[in-house]
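Novice: Numbering (my numbering), first residue to last: 1 to 75.
If you scroll down you'll find the structure; I have some questions about it.
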């Protein structure tokens, strides 16, 4: 899961070396934290949040059955 988000984010930003994805599991919730360079935050979020929402939809579709909820935080 985190590899997919990392791949998408690296293809969108100007500074792919600054892209980091951290994974935390809390019970039946999976939290992925995406960190990018400050100047690339807008590119990852997208106009109106469309890019971020698309990444969240991909996470929900590909989530393991052990996680009821998958959260993507963009920092």
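Backbone N, C-alpha and C fix where the C-beta goes; we use that ideal spot for every residue, glycine too.
Measure the alpha-carbon distance for residue 9 versus residue 34 and round it to whole angstroms.
Specialist: Residue 9 and residue 34: Cα-Cα distance of roughly 8 Å.
Novice: Within the same chain, show all residues whose beta-carbon is closer than 8 Å to that of residue 63, passing over the 5 residues directly before and after it, in chain order.
Specialist: 1, 30, 70
Novice: If you pair each beta-carbon of the region 4 to 24 with each one of the region 35 to 46, do three or more pairs fall below 8 Å?
Specialist: yes
Novice: Among 3, 47, 50, 39, which one has its Cα closest to the Cα of residue 75?
Specialist: Distance check between residue 75 and each of 3, 47, 50, 39 places 39 closest, using alpha-carbon atoms only.
Novice: Which residues mark the beginning and the end of the alpha helix (DSSP H) in which residue 25 is found?
Specialist: Element bounds for residue 25: not the alpha helix (DSSP H) but the beta strand (DSSP E), 20 to 26.
Novice: Go to residue 70, then tell me how far its beta strand (DSSP E) extends in each direction, as first and last residue.
Specialist: Counting along the chain, the beta strand (DSSP E) containing residue 70 begins and ends at 69 to 74.
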